[in-house]
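Notes for the one structure printed next.
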Ligand SMILES: C[S@@+](CC[C@H](N)C(=O)[O-])C[C@H]1O[C@@H](n2cnc3c(N)ncnc32)[C@H](O)[C@@H]1O
C-alpha cells in the first residue's frame, strides 16, 4: 500500500520572531526559567486534559513576539495563581494577575507593533492548560493546533475500533489489509493567478455606464467578474404572485428607494407595509412607492416589533440594509418567522454582515493598508476631515451608533430561525474605499482614475476569491 503521509509543521523555531504563540506539548519553543517543562494529565470535569505544571516561582517565557493588529492573549489555569507580563526592552509590564478558574482573554491592542516576550510567573504551584497569543479571530485555530501528536494518536486509537460496533454493519463489509497503487506523480499544481488591472481593462464591463460614480462603477465591475449572481428579487415577486396581491413587509425601510425599484420591475399587484422608526422617512416612502403598490406605514422600533402590529401574515418580509442596525436580533428574527406565510420568504438586500461597527476583518485590513499606501494623495483625501489619510481609518461605528451593532452575528443567527434558499456574498472591503469618504476623489470619465478604481476592484476580487470574508449579503431564506 502506498499512502502519502503529509508532514504538518505546527510552529516556527525557537529563535524566530513570530506574531503568534500557542502552548503545546509538541514543541518546546518557550523557556521555563529555573526548570524544565513538565506536562501533567489532569481532568477538566470528566474530560481528560493536559496541563503544564509550573511550581511556585517558576516562570514560563514565550518566544520573541511582534504583536500585530487585534492581538489578544488567552490563558487558562486549573490550579494556582500566576502573573502574566510582557517583557520588552528588559522591563516586565504586568498585564494580569490570574487565579485558577475559566479561561481569560486579554486584549493586547495597546501593544500593537511592540516586540517582546510574554511571561507567566507562578505565584504558587500552577497548572497551565492554555496560553494562546495571536490575532483575536485566530485564537480558535491556535487552540485547535495544540497537542497535535497526542490528538493524532487518540484519533487513530479511537477510530481503529469504533466501526466494529454492529450499528455500522449497514455500511457493509469492513475490508481487510488492502493495497493501493501509488498515485501518479505529475507536475505541481500552480496557485490561481491574481487578476490584474490589465486583464480587467480588457473586459467589456470595464467601460463605465451612464451616470456611474466611483462606487457604482466599482461595484458594477465587481458584480460582473465574480461569477455568482444575487437573487433576482423582482422576478421572485412575480412568481410569488398568484391570485391576490403579494403581501410584502419592509422593515427599516427608510424611504424605500430600493423597494421602489423592485416593485416597479416586478410589475405585479403588491400590498407593501413599510416599517421604520423615522416617521419623516416613512412619509417620503409613501410617495416613493405609491405608483407601484398599495402602501401602508407603521412607525415603530423594530427591536420591539410584534405580530400584533400587523393584520396579516406576509409572503415576503425584507430588510434592505437594515438588519445590521438591530440590537434584538433573536426577537426580531423570531417575529419575522412568525409573520411569514407557510411558504413565505425572508429577504436580506444589501445587508452588512461584516465585522461589528463596519470595521474590516484583519485579512481585508492587511490588503487595504498595502493598497491604500500606493494610492496617490488626491485619492486619499478624506471628505469628512479634508485631510490626506495615510491609512484608511479603522473606526468602530457601533461604539455610539447602531451601525453594525451585531453585524458579525447576523449570518449564524439567521440559521437558527430560517433555511437558506439563495445566498450571495461579496465585498471584503471595496465599498469602504469608494464610499462618500473618498468617492469625490474620483472622476470616472478620467482614464487614470478608472485605472485606480480597477486596481482596487482587482485587489478586492483576488482577496474574495482567496477566502476573504464578505461584508455584503443579498439572500433569500424560508421559515422553518
Ligand atoms: C441604513 S438605513 C436603510 C434604509 C433603507 N432601507 C435603504 O436601504 O435606504 C437604516 C434604516 O433603519 C431605520 N432604523 C434604524 N433603527 C431602527 C429601529 N430601531 N427601528 C426601526 N427602524 C430603524 C433608520 O431610520 C433607517 O431608515
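Numbering (my numbering), first residue to last: 97 to 576.
All C-beta atoms, glycine included, are put in the ideal place defined by N, C-alpha and C.
Only residues of its own chain outside the window of five on either side were considered, and among them 453, 455 have a CB closer than 6 angstroms to the CB of residue 492, listed in chain order. With a cutoff of 6 angstroms, residue 350 counts as near ligand 1, since its C-beta is closer than that to a heavy atom of the ligand.
Minimum Cα-Cα distance from residue 350 among the listed residues 362, 379, 166, 329 corresponds to 379. Collapsing the DSSP output to three states places residue 380 in a helix. Rounded to whole angstroms, residue 292 and residue 465 show a C-alpha spacing of 18 angstroms. Distance from the CA of residue 374 to the CA of residue 244, rounded to the nearest whole angstrom, comes to 55 angstroms. For residue 463, the three-state secondary structure derived from DSSP is helix. Annotation for residue 523 indicates a beta carbon at 6 angstroms or more from all heavy atoms of ligand 1.
Beta-bridge pairing by DSSP links residue 520 to 570. Note that the stretch 559–572 touches the stretch 514–525; at least 3 beta-carbon pairs, one per stretch, sit closer than 8 angstroms. Between ligand 1 and the CB of residue 181, the shortest heavy atom gap is not smaller than 6 angstroms. With contacts defined by Cβ atoms closer than 7 angstroms, residue 174 and residue 242 do not form a contacting pair. With a cutoff of 6 angstroms, residue 460 does not count as near ligand 1, since its C-beta is closer than that to no heavy atom of the ligand. Within 6 angstroms of the C-beta of residue 418 there is at least one heavy atom belonging to ligand 1. Between residue 500 and residue 420, the C-beta gap is smaller than 7 angstroms, which places the two residues in contact.
When secondary structure is reduced to three states using DSSP, residue 535 falls in the helix class. With a cut-off of 8 angstroms on Cβ pairs, the stretch 366–373 is in contact with the stretch 391–404, counting three or more such pairs.
At least one heavy atom of ligand 1 lies closer than 6 angstroms to the C-beta of residue 374.
DSSP lists 190, 215 as the beta-bridge partner residues of residue 181. Three or more beta-carbon pairs separated by less than 8 angstroms link the stretch 212–228 to the stretch 168–185, which places the two stretches in contact.
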